[in-house]
Amino acid sequence: MPLTVKQIDNANPKNKPYKLFDTDGLYLYVLQLGKKVWRFKYKFNGKECLNTFDKYLNINLEEARQRRNEYLSMIAKGINSAQAKNIS
């Protein structure tokens with residue numbers, strides 16, 4: 083089930099970092115001090131890869147989904163989004 087803005091805003095820090103999953107590899111990583119960071123997990127050439135986008139305050143849910151979709155499009159074309167991250 084996709085994340086909502088309300089779920090993100092209500093995500094409070096815990097004793098350990100935790101993940102709030104959206105869809106298609108996108109999730110919000112909530113750290114102990116309350117920092118919330120967007121991450122995108124995917125496979126490329128059989129290897130698991132991870133991209134960190136930015137803090138939730140800098141990129142909202144809609145923007146994070148747009149970026150994920152751009153990366154999924156690149157991956158479908160055979161471009162590793164971790165390498166493309168340096169371009170964007």
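Under the working numbering, the first residue of the sequence shown is numbered 83, with each subsequent residue one higher.
All C-beta atoms in this analysis are idealised placements derived from N, C-alpha and C, irrespective of residue type, glycine included.
Under the three-state reduction of DSSP output, K98 falls in the coil class, being neither helix nor strand.
For N151, the enclosing alpha helix (DSSP H) begins and ends at 143-158.
Closest in alpha carbon position to G116, among D104, F122, P95, is P95. Judged by beta-carbon spacing, N140 lies beyond the 7 Å limit of F122, meaning their Cβ atoms are not closer than that value. When the five nearest sequence neighbours on each side are left out, the beta carbons in the same chain lying within less than 6 Å of the beta carbon of D104 are those of P84, L85, in order along the chain.
When the Cα atoms are used, Y153 and G160 turn out to be separated by approximately 11 Å.
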